[in-house]
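Beneath this line is the structure, given in C-alpha cells, with notes to follow.
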Amino acid sequence: MTIHEIKTYKRNALINVTAEVREAVRKSGVEEGTVTVYCPHTTAGFTINENADPDVCTDLLAALEALVPKVNFRHMEGNSDAHLKASLMGASVTVPVKDGEPVLGIWQGIYFCEFDGPRNRKFYVSVNGR
Amino acid sequence: MTIHEIKTYKRNALINVTAEVREAVRKSGVEEGTVTVYCPHTTAGFTINENADPDVCTDLLAALEALVPKVNFRHMEGNSDAHLKASLMGASVTVPVKDGEPVLGIWQGIYFCEFDGPRNRKFYVSVNGR
Amino acid sequence: MTIHEIKTYKRNALINVTAEVREAVRKSGVEEGTVTVYCPHTTAGFTINENADPDVCTDLLAALEALVPKVNFRHMEGNSDAHLKASLMGASVTVPVKDGEPVLGIWQGIYFCEFDGPRNRKFYVSVNGR
Chain E
7 MTIHEIKTYK RNALINVTAE VREAVRKSGV EEGTVTVYCP HTTAGFTINE
57 NADPDVCTDL LAALEALVPK VNFRHMEGNS DAHLKASLMG ASVTVPVKDG
107 EPVLGIWQGI YFCEFDGPRN RKFYVSVNGR
Chain C
7 MTIHEIKTYK RNALINVTAE VREAVRKSGV EEGTVTVYCP HTTAGFTINE
57 NADPDVCTDL LAALEALVPK VNFRHMEGNS DAHLKASLMG ASVTVPVKDG
107 EPVLGIWQGI YFCEFDGPRN RKFYVSVNGR
Chain W
7 MTIHEIKTYK RNALINVTAE VREAVRKSGV EEGTVTVYCP HTTAGFTINE
57 NADPDVCTDL LAALEALVPK VNFRHMEGNS DAHLKASLMG ASVTVPVKDG
107 EPVLGIWQGI YFCEFDGPRN RKFYVSVNGR
C-alpha cells in the first residue's frame with residue numbers, strides 16, 4: 007500500500023489522480039488483481055467519471071450541491087452537506103488490474119472528491135493480486 | 007479477468023447479470039476471496055438490489071430520475087444526468103466468494119445500470135483469492 | 007470469511023461495526039491486503055463516515071430520508087425508499103489492510119445502514135491478502 011498526499015484549493019473539487027494510481031499499480035509489480043483507492047477522510051471520497059470534458063466534473067459538483075436537502079442539520083461544524091456527499095460517492099473505488107494496468111475505460115478517470123476544502127488530504131492505493 | 011458484452015435497449019435500464027457473474031466465478035476456480043464486477047463506461051454503473059419483484063427496479067430508476075436536480079448543466083452532450091446517476095451507483099460492486107460462489111443474499115441480484123442507452127456495453131468480472 | 011449477526015431497533019439506523027471488523031481482520035492473520043464488509047440484504051447497506059459526533063449519523067439519515075423523491079412507487083411492500091437508500095449507500099465497503107489493521111482514518115467508522123428495520127440482520131467480513 008502506498009500513501010499519497012494531495013492539496014485541495016476549493017471547498018468542492020474533483021481532482022484527477024489517475025496518473026498517480028497507474029504509477030502505483032506499475033510499481034507494485036502486480037499483473038492480475040485489483041487496485042483499491044481509499045480516502046481516509048469523512049468529508050471527501052472517490053468516484054470514477056469522465057476525464058475528457060471538464061464540464062462533466064463541474065456539472066457533477068453542481069448536481070451534488072443541489073441534491074443536499076434543506077433539513078435542519080444538527081452537527082455543529084456546519085459541514086453535514088460534505089458528510090452526505092462523501093457517503094453518496096463512497097470512500098473508495100476498486101478497479102480490476104490486468105497485464106499490470108488498471109482496466110479503466112477510455113473516458114474514465116479516478117477522482118478524489120473534496121467536499122470540505124481547502125485542505126491537505128491524503129489517500130491510499132492498495133494493489134492486490136499476483 | 008473476463009470481458010462480457012451486453013446490449014441495452016432503453017435510455018435507462020437495470021439488467022440482471024447475476025447468472026453471468028456466478029458462472030465467471032465458477033470458471034475462475036477461486037474458492038475463497040472476492041469478485042469485482044466493473045463497468046468501464048461513464049454513463050453506466052453497477053448496483054446490487056432486489057431480484058424478485060421487477061417493480062423494485064422500476065421504482066429505483068424512477069427515483070433516480072426524480073433525484074436529478076434541475077440545475078443548468080454545461081456538458082454539451084446533454085447527458086449530465088447519466089453521469090450523475092453513474093457516480094451515485096458507482097462503477098463497480100464487490101462481493102465475497104466462499105466455497106466457489108458469490109455470497110449474495112437470497113433476494114440480491116447484480117445489476118448493470120444503463121443511464122444513457124440504448125448502447126452496446128461491456129463489463130469486466132475479476133475474481134481474486136485462492 | 008466470517009458471518010456476523012446484528013439486531014436493529016428502528017426503521018432507519020446507522021450501527022457502528024468497526025470494532026467487529028477490526029477483530030475479524032486480526033483473527034484472519036492477513037497483514038497486507040483488503041477487507042470487504044458485505045451486506046446480503048436489499049434494504050440495508052454499508053457506509054464509512056464520522057465516528058465522533060453522533061449528530062453526523064442523525065444528519066445523514068435525515069438527509070437520506072429527505073432525498074427520497076415523491077414518486078408513485080409501485081413495489082407493493084411499501085419500502086421502495088429503503089431499496090433506493092440501499093443502492094445509494096452500496097452493499098459493501100472495502101478498506102485496505104496494512105500491518106494487520108484496516109487503515110481507517112482517525113475519524114472514520116464502518117456503519118451498517120438499516121433502512122427497513124427493526125430486523126435481525128447479518129453481514130460478512132472477507133479479508134484478503136497475505
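Sequences listed follow chains E, C and W, in order.
Note that this note's numbering has the first sequence beginning at 7, numbered continuously upward.
Note that this note's numbering has the second sequence beginning at 7, numbered continuously upward.
Note that this note's numbering has the third sequence beginning at 7, numbered continuously upward.
Heads up, the beta-carbon is just placed ideally off N, CA and C, and yes, glycines get one too.
request  = Give the DSSP bridge partners of residue 115/E, in chain order.
outcome  = In the DSSP output, where bridge partners are listed per residue, residue 115/E has 55/E.
key: Beta-carbon neighbours of residue 65/C, restricted to chain W and to distances below 8 Å   = 77, 79, 80, 81, 86, 89, 90
query = Which residues in chain C sit within 7 Å of residue 95/E, going by Cβ to Cβ distance?
reply = 93
Secondary structure of residue 107/W, DSSP reduced to three states = strand
ask   = What number of angstroms, rounded off, separates the C-alpha of residue 89/C from the C-alpha of residue 136/E?
value = 33 Å
query = For residue 105/W, does the count of other Cβ atoms within 10 angstroms reach 16, so buried, or fall short, so exposed?
reply = Counting of Cβ neighbours within 10 angstroms places residue 105/W among the exposed residues, the total staying below 16.
query = CB-CB under 6 Å to residue 140/E, same chain, minus the five flanking residues each way: which ones, in chain order?
reply = With chain E represented from 7 up to 136, any question about residue 140/E goes unanswered, as that position is not in the structure.
ask   = Going by Cα to Cα distance, which pick from 131/W, 132/W, 127/W, 37/W is closest to residue 14/W?
value = 127/W
request  = Would you give the residue range spanned by the beta strand (DSSP E) that residue 127/E belongs to?
outcome  = 126 to 135
query = If you run the structure through DSSP and keep just helix, strand and coil, what is residue 102/W?
reply = strand
message = Is there a Cβ of chain E sitting closer than 7 Å to that of residue 14/C, yes or no?
response = no
ask   = Who does residue 44/C pair with in a DSSP beta bridge?
value = BP columns for residue 44/C point to 98/C, 130/C.
ask   = Is the beta carbon of residue 133/W less than 7 Å from the beta carbon of residue 43/W?
value = For residue 133/W and residue 43/W, no; Cβs fall outside 7 Å.
key: Contact set between the stretch 99 to 127 of chain W and chain E, restricted to residues whose Cβ is under 7 Å from the partner   = 99, 100, 101, 102, 104, 109, 110, 111, 113, 114
Whole-number beta carbon distance between residue 67/E and residue 138/E, since they are thought to touch under 8 Å = Nothing can be reported for residue 138/E, as the shown portion of chain E is limited to 7 through 136.
ask   = Does any CB atom of chain E fall closer than 7 Å to the CB of residue 34/C?
value = So no, residue 34/C is outside the interface.
ask   = What residue range is occupied by the uninterrupted alpha helix (DSSP H) comprising residue 8/E?
value = It is not in any alpha helix (DSSP H) - residue 8/E instead sits in the beta strand (DSSP E) that spans 8 to 13.
message = Here's a check: name, in chain order, each residue in its chain whose Cβ is nearer than 7 Å to the Cβ of residue 38/C, leaving out the five neighbours to either side.
response = 103, 104, 135, 136
ask   = By a C-beta neighbour count over all protein chains shown, 10 Å radius and 16 as the cutoff for buried, is residue 115/C buried or exposed?
value = Around the beta-carbon of residue 115/C, 16 or more other beta-carbon atoms lie within 10 Å, marking it buried.
key: Cross-strand partners of residue 37/C (DSSP beta bridge)   = Per DSSP, none; premise fails for residue 37/C.
ask   = What residue from 72/C, 78/C, 110/C, 7/C has the CA that sits closest to residue 65/E's CA?
value = 78/C
key: chain W contact for residue 42/E (CB, 7 Å cutoff)   = yes
inquiry  = With H, G and I counted as helix, E and B as strand and the rest as coil, what does DSSP make of residue 120/E?
reply    = Look at residue 120/E here: in three-state DSSP terms it is strand.
ask   = Distance, Cα to Cα, residue 87/W vs residue 47/W?
value = 14 Å
key: Given residue 165/E as reference, the closest of 59/W, 34/W, 111/W once Cα atoms are compared   = A query on residue 165/E cannot be resolved here, the shown segment of chain E reaching from 7 to 136 and no further.
message = So residue 73/E contacts chain W; which residues on that side make the cut at Cβ distance below 8 Å?
response = 73
task = Spatial neighbours of residue 31/W within its chain, please: CB distance less than 8 Å, with the 5 preceding and 5 following residues excluded, ordered by chain position.
result = 41, 103, 106, 107, 108, 131, 133
Distance between residue 117/W and residue 33/W (C-alpha atoms, nearest Å) = 20 Å
task = Could you list which residues in chain W have their beta carbon closer than 7 Å to that of residue 134/C, in chain order?
result = By Cβ distance, chain W contributes 134.
inquiry  = Counting C-beta neighbours from all protein chains within 10 Å, is the total for residue 123/E 16 or more, i.e. buried, or is it exposed?
reply    = Taking a 10 Å sphere around the C-beta of residue 123/E, we find 16 or more other C-beta atoms and assign the residue as buried.
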